[in-house]
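Enquirer: Protein chains in written order, with this note's numbering: chain P, 319 to 1086; chain H, 319 to 1086.
#1: Work out the CA separation of residue 872 of chain P and residue 969 of chain H for me, nearest whole Å.
#2: Listed in chain order, which residues of the region 900 to 930 of chain P have Cβ atoms closer than 7 Å to some Cβ of chain H?
#3: Taking contact to mean at least 3 C-beta pairs separated by less than 8 Å, is the region 718 to 733 of chain H in contact with the region 751 to 769 of chain H?
#4: Which residues in chain H have a C-beta closer than 8 Å to the C-beta of residue 551 of chain P? List them in chain order.
#5: Apart from the five residues just before and just after residue 721 of chain H, which ones in its own chain have a Cβ nearer than 6 Å to its Cβ?
#6: Run the proximity test for residue 748 of chain P: is its beta-carbon closer than 7 Å to any non-hydrogen atom belonging to the ligand GDP?
#7: Listed from N- to C-terminal order along the chain, which residues in the region 841 to 852 of chain P have their beta-carbon within a distance smaller than 8 Å of any beta-carbon of chain H?
#8: Applying the criterion that 16 or more other CB atoms from any shown protein chain within 10 Å of the CB defines a buried residue, is residue 634 of chain P buried or exposed?
#9: Would you say residue 799 of chain H faces chain P, with C-beta separation under 8 Å as the test?
#10: Among H:676, H:747 and H:483, which residue has its Cα nearest to the Cα of residue 966 of chain H?
#11: Can you round the beta-carbon distance between residue 291 of chain P and residue 570 of chain P to whole angstroms, since I take them to be within the 8 Å contact cut?
#12: If I follow the unbroken alpha helix (DSSP H) through residue 594 of chain P, where does it start and stop?
#13: Would you call the CB atoms of residue 1047 of chain P and residue 692 of chain P closer than 8 Å?
#14: From which residue to which residue does the alpha helix (DSSP H) around residue 354 of chain H run?
#15: Please list the partners that residue 354 of chain H has in chain P, where partner means a Cβ-to-Cβ separation under 9 Å.
#16: Is the separation between the beta-carbon of residue 1069 of chain P and that of residue 993 of chain P shorter than 8 Å?
#17: May I ask you to report which of helix, strand or coil DSSP gives residue 463 of chain P?
#18: Among the residues of its own chain, which have a CB less than 6 Å from the CB of residue 774 of chain P, if the five just before and after it don't count?
#19: Applying the criterion that 16 or more other CB atoms from any shown protein chain within 10 Å of the CB defines a buried residue, is residue 1087 of chain P buried or exposed?
#20: Is it the case that the region 838 to 849 of chain P contacts the region 775 to 783 of chain P, given that we only count it when at least three CB pairs across the two stretches are under 8 Å?
#21: Using a cut-off of 8 Å between C-beta atoms, extract the partners of residue 783 of chain P located in chain H.
#22: Look at the alpha carbon of residue 818 of chain P and the alpha carbon of residue 824 of chain P, and state the distance between them as a whole number of angstroms.
#23: Any beta-carbon of chain P closer than 8 Å to the one on residue 546 of chain H?
#24: Of all the alpha helix (DSSP H) runs that stay within the bounds of the region 390 to 451 of chain H, which reach a length of 4 or more residues?
#25: Unbroken beta strand (DSSP E) runs of length 3 or more, entirely within the region 619 to 676 of chain H: which are they?
#26: Work out the CA separation of residue 484 of chain P and residue 953 of chain P for me, nearest whole Å.
#27: Pull up the distance between the alpha-carbon of residue 349 of chain H and that of residue 415 of chain H, whole angstroms please.
#28: Who are residue 952 of chain H's beta bridge partners in DSSP?
#29: What residue range is occupied by the uninterrupted beta strand (DSSP E) comprising residue 529 of chain H?
#30: Under the three-state reduction of DSSP, which class applies to residue 694 of chain P: helix, strand or coil?
#31: State yes or no: is the C-beta of residue 945 of chain P within less than 8 Å of the C-beta of residue 772 of chain P?
#32: In the structure shown, what three-state DSSP assignment does residue 789 of chain H receive?
#33: Counting contacts by CB-CB distance shorter than 8 Å, is residue 874 of chain P in contact with chain H?
#34: Output the residue ranges of the beta strand (DSSP E) runs that lie fully inside the region 899 to 975 of chain H and measure 3 residues or longer, sorted by chain position.
#35: Just reading off the beta strand (DSSP E) that residue 893 of chain P is part of, what are its end residues?
#36: Can you check which of these residues, H:441, H:670, H:491 and H:343, is closest to residue 458 of chain H by C-alpha distance?
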């Protein structure tokens, strides 16, 4: 089946040439007349009352236009200096207290960065230390230091967020899932497993660090930023400055990577406030070291209790998840839902009880991270599943296959699974990695090999909305207006392909916008692997309006019923079977004297969970992925080498095969780093490895020698699934299982460092 | 009757604050990384063969990236170096021949302007002089030098353009109007008047001179320009570089004035070509002196023969118009149509014969100018009408009133006049100026006063197309996407008002785009006083789609039939008569979960003239204006002082009273300058006064001591008429008539200089 006419099938990003010639303009390339530069002074305490901030000498430095601290924010009239996508709990600069080590306390704006730094060097801050708490579980103990004195202020937020706060505790939010009778399930079980699995905070390490330029005037606010959420930023700034959203213009050039780090406002509210104080445009561009102090993936511990029958049937699961959301909530209150119901995995489990907590502590805030809670959940359930298989004497593949959801089964949220492809994905993974139930690890040259598997299910944010407008010009070229953010994932190319194929155009005839809230229509977010599906549907809807107009025009011109016409590749409408009698789009537009044809479409998905039971519709469709890994463990050093990885993801219909594969490769890289080395190490709140000299992302040398990819396509549903994140969690879990299968060492706490493996090997020997 | 709810009626431009604080970004504020600067070497001959151009030494100057001449254009592969809105007759740099003195011959691109100039100083150009012709009538004589050797190449052009070229002559185009039996009309007349009236070429003198930045890459063309025609520029560049229009992005910031000077491409094609040669972004910003060598209003002579009955009834008119379009056609081939049928004025004339010629000569090209042919036409017919009145012994007011079109009368083009308000406009003008049929000029202190009247009708370009898109955000703010060019006329404000009033919003809640061909939908042009009407209709259509969606949403939410709902000022929909039960737009949008409501509209007007008879539909509606002037003439010096001016224009429905009045005041300023002082003086093709030191635009000191304005509103038609140009022609003609009435001196040739008046006074005396 040919999915796409001729040239539209050409792979490659529409901005490829600009990309490789260095001509993509990023936010950091924006220069505004009169623009000055900001530097930040950050907290040296993890939790302290701010006794005094002395800024007079800093303000006196020539070339300094503003020195701002929390006291200035409080004194400012008409300014609401807090932000946050769920709770408005984060001040742009610390007010009264600091809550983590590295929190911005004072900002200086000056002609250049050196001058701003000179000013900050003259600032004196006096702290009164407060007891601090860094561990999520510890933060929930009685008498634990309280990170926030009062319940966090809320504001307008997202439709899918369920809020259960508990005043007087560090519980930022609590997601509950109650399905079936979990106690009965455990009673029915032959075996009950109880384990705790942890994942550390890690950093996204986008190539482009956070940066923004803000120009705040009495009559207008304009912000250029590297963010995945233009409209969230717009409404945040409108709220902060007490202006209508239309008074705030947010322009988003291409991002140098996002991975969730740029989801929701981060530094942009501060930059806007600084522009307001400095009365001129201000740029802030974080250093790599500051990036580590801005946002992380949630460090998480998951206590997982699973009941199984002797034959491997899962009867019940209870999960207690502690997501350490750090000093400020960010999107933690929502992420715990995905991480919470995610602990069920893609398995048939009749009785489920989940308590998933976002917990405030005195470390760097945590937020969205590629995989969005599923990395942590899959690490727990798919590690435990291999432990169960071993206990039951079952093949881990067979145990999985037996429990994987098939069409009609109920998900954790009790909604029925449709279009399930877990078995196919996992089967391919097992085949590609050369899985054998009977394989016994063999030690050779002091090294031992093993293989592991994993399979996950992941929600896409539901309900959600994407909107698009389109026009077809007099030369027959298509323009798409949309607000999805290009961040290297190729959304502009995907939208160009989707628009082009509806009209049989080559993608070279399509122009796709970047977000500009003044000009481009609403999109909820660029995240949750939703763009190709959600914005793609909106774009196709808008283009279909134009397609309909083309048929109507051609019908008039050719005097042939619309039903007897068809699109001919190259941008023509012709009588069915007589392409030579067709008319070019441009000619149709010109004859219509309409200047351009216009189209628009609003695409909404529906869903939502009951706030008390967590049951309902969790996702408009479910992302499905499987991974397999082969590792070689050096028994002398404990070092794990990943020799082979397979990653599979269900795409529904593939829009761009090249980019779909590249995204999947990217997930392998992330999954390997997360499995073996990535970890932000805090000592009493002080980050120990906050630079790329010390923090170990996977390098090309860590990549598996062999990889295989399975971007699984099933055209019958004509549905597009996002594939940006789902293949990452199973890669990590499969590596853990491979190490387990190779060595018998069960690492519960990521990452799988040589030290941990070696310790496990030694404990094995001492047990023997 | 209240037209607008509360705050929407507030006067003032939406960009007023930016405007007065110097923060409007103009094209000249655009800066692109790597951008270099261009300077031009211009022809020193009015008509010559280019024998040799030596550029080697220029190219060797350090810092020079390109030196380009016509030979390079011819040698360039894939480049079509000609442009023009009707005929592609203008090379971006002279090729083979120069056709006017001041034509660009060589361009240098360099790091800075001084370097570019140093390079040009080293260029040698050798010319072989050719016989030249400067006067339009002379250019049509047998044996006249031919400005163009071959008939001009044509290309896609505008729907309303009628082309009659005559190979082997300097006739660029010929518009014919043939109505009734003009010979019979003259035979029937008691008197036949034959006179010739001339108007000189004048310059638009926009505050901002032409400037553009072009960035031409193998895969993209981006141009920032000060032009009134973004889409014309886009298609021109697409044609020149052989690319689809979608490969060309045209961005138009606010203009510092246009007045027709910036209609259609001017310097932008050259700048793009220079970027192509220099392989980097290039800016060209014309000096004021160069502006005079770029585009002018057509110098025109009109031979007018009019037959009248003794009672003042006009029986026939024959007009022969020579519009001197200079060396290149620009939009002259279309303008002669408007100038041609414009010679009938707003009068009932049963028999008409018009030959209107655009004539090539060896002077600076002429194109669109505020008034678009009607200035020249009105100067002829309304001057002659006062001569007729004097000959018949009639009151000029009465003679006009008797002949003015009323509803149902036939215009020159034989279409019926509807919604005629000429008598009302002229009556008001006469009353405001204190017109009396019996008034006799009285000499006091060597000065004599007199009054004059004039009344005009003007077409708006028909057929034409404007399109708009709109969105309503979650805060209830409205965004309008359109491609009309803001050039100080306030189109953004007008569109904001029109959009706002459909929704009962304050205009502070409306954002209006500027043109960006990648993002904003098609508009044919910003000219012909069409934007408020044409784009306004498109904007209202797009907003009405949103309005309809709001009613539907509110009907669902409030469970009240749509017909029982109404818009309440401030942005709410409420049950009729119960505003307190209404819902805010933002709330409706949020509850709809659509992110934004979207609207779009394509507005087309229909019409066209028969190419052989000039009869048909010349305009979708007709602009109507009247003027009155009082002058005081110094009999010793001949100097004319304009003491009072009244300008009246029919607006249909007024959109913005303040701006409507300011536009009318602007027309007075233009009309006075055109009447008394503006004239580009050529000597054998050499411009004698091409600088603001020598060229006399009206200054504030030349403004009448008293002015009165009549922006006439009739709401019953609910129609918006453009008011940007129509009040200008009658001001000039009324001043001429006032001088005539004061002194008896009939100036036939604009401007009315003291020398001409003095000569007339002396001739009177010698006749006496």
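Beta carbons: idealized from backbone N, C-alpha and C, even for Gly.
Expert: The answer reads as follows:
#1: If you number the second chain from 1, residue 969 of chain H lands on position 651. If you number the first chain from 1, residue 872 of chain P lands on position 554. C-alpha separation (whole angstroms): 39 Å.
#2: Cβ contacts with chain H come from 911, 912, 913, 914, 916, 918, 920 and 922.
#3: Here the region 718 to 733 of chain H does not lie against the region 751 to 769 of chain H, with fewer than 3 beta-carbon pairs under 8 Å apart.
#4: Counting from 1 along the first chain, the entry for residue 551 of chain P is found at position 233. Simply none; closest approach about 13 Å.
#5: Translated into the one-based positions of the second chain, residue 721 of chain H becomes position 403. Only residues of its own chain outside the window of five on either side were considered, and among them 632, 665 and 666 have a CB closer than 6 Å to the CB of residue 721 of chain H, listed in chain order.
#6: Looking at this structure, you won't find the ligand GDP or any other ligand, since it has none at all.
#7: Residues of the region 841 to 852 of chain P with a C-beta less than 8 Å from any C-beta of chain H: 841 and 842, listed in chain order.
#8: What you label residue 634 of chain P is simply residue 316 of the first chain in a count that begins at 1. With 16 or more other Cβ atoms inside 10 Å of its own Cβ, residue 634 of chain P counts as buried.
#9: If you number the second chain from 1, residue 799 of chain H lands on position 481. Under the Cβ distance rule, residue 799 of chain H counts among the residues neighbouring chain P, one pair being separated by less than 8 Å.
#10: The count along the second chain starts at 1 and reaches residue 966 of chain H at position 648. Answer by Cα proximity: H:747.
#11: No information on residue 291 of chain P is available, as it lies outside the stretch 319 to 1086 that chain P covers here.
#12: For the purposes of this step, residue 594 of chain P is taken as the residue at position 276 of the first chain. Counted as a single uninterrupted DSSP element, the alpha helix (DSSP H) harbouring residue 594 of chain P occupies residues 586 to 596.
#13: The sequence position of residue 1047 of chain P within the first chain is 729, counting from 1. The sequence position of residue 692 of chain P within the first chain is 374, counting from 1. Yes; because the gap between Cβ atoms is below 8 Å, this pair is in contact.
#14: Position 36 of the second chain, counted from the start, is the residue given in the question as residue 354 of chain H. Segment 354 to 360 is the beta strand (DSSP E) holding residue 354 of chain H; no alpha helix (DSSP H) there.
#15: In the second chain, residue 354 of chain H corresponds to position 36, counting from 1. Simply none; closest approach about 16 Å.
#16: If you number the first chain from 1, residue 1069 of chain P lands on position 751. If you number the first chain from 1, residue 993 of chain P lands on position 675. Closer than 8 Å, so yes.
#17: Within the first chain, residue 463 of chain P is the residue found at index 145, counting from 1. When secondary structure is reduced to three states using DSSP, residue 463 of chain P falls in the coil class, being assigned neither helix nor strand.
#18: Taking the first residue of the first chain as 1, we reach residue 774 of chain P at position 456. Once the five neighbours on either side are set aside, the close Cβ partners of residue 774 of chain P are 692, 696, 943, 1047 and 1048.
#19: The structure shown does not extend to residue 1087 of chain P, since chain P is modelled only from 319 through 1086, so no value can be given for it.
#20: As far as the Cβ criterion goes, the region 775 to 783 of chain P touches the region 838 to 849 of chain P, which means the pair count is three or higher.
#21: Indexing the first chain from 1 puts residue 783 of chain P at position 465. Here the neighbours are 911, 912 and 913.
#22: To locate residue 818 of chain P, count along the first chain from 1; it is residue 500. To locate residue 824 of chain P, count along the first chain from 1; it is residue 506. Straight-line Cα distance between these residues: approximately 6 Å.
#23: On the second chain, residue 546 of chain H is found 228 positions in, with the first residue counted as 1. Not one chain P Cβ lies under 8 Å of residue 546 of chain H.
#24: Within the region 390 to 451 of chain H, the complete alpha helix (DSSP H) runs of at least 4 residues are 431 to 439.
#25: Entirely contained in the region 619 to 676 of chain H, the beta strand (DSSP E) runs reaching 3 residues are, in chain order, 632 to 644.
#26: As a first step, residue 953 of chain P is located in the first chain; it is residue number 635 there, counting from the start. As a first step, residue 484 of chain P is located in the first chain; it is residue number 166 there, counting from the start. Residue 953 of chain P and residue 484 of chain P: Cα-Cα distance of roughly 48 Å.
#27: Position 31 of the second chain, counting from 1, holds the residue named residue 349 of chain H. Position 97 of the second chain, counting from 1, holds the residue named residue 415 of chain H. A straight-line Cα-Cα distance of about 34 Å links residue 349 of chain H and residue 415 of chain H.
#28: Start at 1 with the first residue of the second chain, and residue 952 of chain H comes out as number 634. Answer by DSSP bridge pairing, in chain order: H:765.
#29: In the second chain, the residue the question calls residue 529 of chain H occupies position 211. From DSSP, the beta strand (DSSP E) with residue 529 of chain H extends over 529 to 534.
#30: By 1-based counting over the first chain, the position of residue 694 of chain P is 376. In the three-state reduction of the DSSP assignment, residue 694 of chain P falls in the helix class, which pools H, G and I.
#31: As a first step, residue 945 of chain P must be located in the first chain, where it is residue number 627. As a first step, residue 772 of chain P must be located in the first chain, where it is residue number 454. Against a cut-off of 8 Å, the Cβ pair of residue 772 of chain P and residue 945 of chain P comes out as a contact.
#32: Locating residue 789 of chain H in the second chain gives position 471, counting from the first residue. In the structure shown, residue 789 of chain H adopts extended strand secondary structure according to DSSP, grouped into three states.
#33: Mapped onto the first chain, residue 874 of chain P falls at position 556. Judged by the 8 Å Cβ criterion, residue 874 of chain P is not in contact with chain H.
#34: Taken in chain order, the unbroken stretches of beta strand (DSSP E) that lie wholly in the region 899 to 975 of chain H and span 3 residues or more are 915 to 922, 940 to 952 and 958 to 970.
#35: In the first chain, the residue the question calls residue 893 of chain P occupies position 575. Unbroken beta strand (DSSP E) run through residue 893 of chain P: 890 to 893.
#36: The residue you call residue 458 of chain H lines up with position 140 of the second chain. Among H:441, H:670, H:491 and H:343, the Cα nearest to that of residue 458 of chain H is on H:491.
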